[in-house]
Amino acid sequence: MTRMKQLVFSEMALGTMTKLNDDERLAVETGSRCRASVRNVDASTAMLMRATARNLSLLRLCSVYYQSTAAVAVEPVRNPDIAYTQIFINNGWHNSASGKTFPTVNPTSGEVIAHVQEGDKADVDKAVQAAKKAFELGSEWRTMDASDRGILLNRLADLIERDRCLIAWNFPALMQAWKLGPALAMGNTVVMKPAEQTPLSALHVASLVAEAGFPPGVVNVVPGMGPTAGAAIAAHRDVDKIAFTGSTETKLQQMRS
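Here the numbering used here is used: the first residue of the sequence shown is 1, the next is one more, and so on.
As structure tokens, then:
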């Protein structure tokens, strides 16, 4: 089955979940029991269950960002310690190849919150090679069952809920969920450049990706500037798909690169 067909099938799965019996539906909804139950059903139902479990995990991951901002019972941490300001590659933290950093500024006061490592083409190359290796035939991620990917996505959602007050979980984090969720649910690897104005949420989520147990190289986050790090991702020959949110002008520049 091609990737496009897999994607269409998974989108249809939620609408056809009523075809499962009670035991099968429970297995899908709990996620952790999905693999054991798949052995006892026919091939088409097994495919449906895996796709549905993956979709439910994806929906939960994205919904966590909405729910975290709506939680009124928990007082947010106003001045959290900033633990992650480096480039995230292969589940590890690295300084930029150039040694450059850039400031992250509180827009309400102009105060510098932290200095973040500024990635450029050399760092993007390292991140892309890590993602490429993680996607090789026979790799842990490439051979992982869809239900196991769903378990990892649910674990990541749990960690985001746990840490929802440590970072301002607003639109930058939601945009990250929209980019990461579908890619990981379908078994892809990711090199992400967050907006240079708001890199801290993306870097904190990257730390949770490693804590959740995703294999090294599956998710890589390179903070930096659009004309350097962003352009390097857009122009890289080993990047097969670009997901971009921004202005038409910037997109045209990416296409030219």
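Backbone N, C-alpha and C fix where the C-beta goes; we use that ideal spot for every residue, glycine too.
Close-in-space but distant-in-sequence residues of the same chain around residue i (CB under 8 angstroms, 5 per side omitted)
i       : result
Lys-133 : Ser-139, Gly-217
Glu-136 : Arg-142
Trp-93  : Tyr-84, Gln-86, Ile-87
DSSP three-state assignment for residue i, whether helix, strand or coil
i       : result
Leu-208 : helix
Trp-178 : helix
Pro-103 : strand
Asn-154 : helix
Gly-230 : helix
First through last residue of the alpha helix (DSSP H) which encompasses residue i
i       : result
Val-124 : 121-134
Spatial neighbours of residue i in its chain, beta-carbon cut-off 6 angstroms, leaving aside the 5 residues before and after
i       : result
Val-192 : Correcting the residue identity first, residue 192 is Met in this sequence and not Val. If we look at Met-192 and ignore the five residues flanking it on each side, its Cβ neighbours are Val-221.
Arg-122 : The residue you asked about is not Arg; residue 122 is Ala in the sequence shown. Correct list, in chain order: Ala-97.
Val-219 : Val-190, Val-209
Asn-106 : Ile-113
Ala-36  : Caution applies to Ala-36, whose pLDDT of 35 falls short of 50 and renders its modelled position unreliable; the value that the coordinates give is listed next. Taken in chain order, the list of residues that qualify is empty.
Arg-237 : none
Lys-126 : Ile-89
Thr-228 : Asp-120
Lys-241 : none
Span of the beta strand (DSSP E), counted from its first residue to its last, around residue i
i       : result
Ala-114 : 112-117
Ile-264 : Residue 264 lies beyond the stretch modelled for the chain, which goes from 1 to 257, so this question has no answer here.
Met-186 : Taken as a continuous stretch (DSSP letters only), Met-186 belongs to no beta strand (DSSP E), as it is neither H nor E.
Val-94  : Reading off the sequence, residue 94 comes out as His, not Val. Taken as a continuous stretch (DSSP letters only), the beta strand (DSSP E) holding His-94 covers 92-94.
Val-221 : 219-221
Same chain, Cβ closer than 7 angstroms to residue i, five either side skipped, listed in chain order
i       : result
Leu-156 : Leu-61, Leu-208, Val-209, Ala-212
Pro-215 : Ala-134, Glu-140, Trp-141
Leu-152 : Ala-212, Gly-213, Phe-214
Thr-101 : His-115, Val-116, Gln-117, Glu-118
Ala-243 : Lys-179
Val-128 : Val-191, His-236, Asp-238, Val-239
CB contact below 8 angstroms: residue i versus chain B
i       : result
Pro-103 : Reference to chain B is not applicable here, since this structure consists of a single protein chain.
>> Can you confirm whether the segment 218-232 touches the segment 185-205 when touching is taken to mean that 3 or more C-beta pairs between the two stretches lie within less than 8 angstroms?
In response: yes
> Are there three or more Cβ pairs, one per stretch, closer than 8 angstroms when the segment 79-95 is compared with the segment 112-120?
Replying inline: yes
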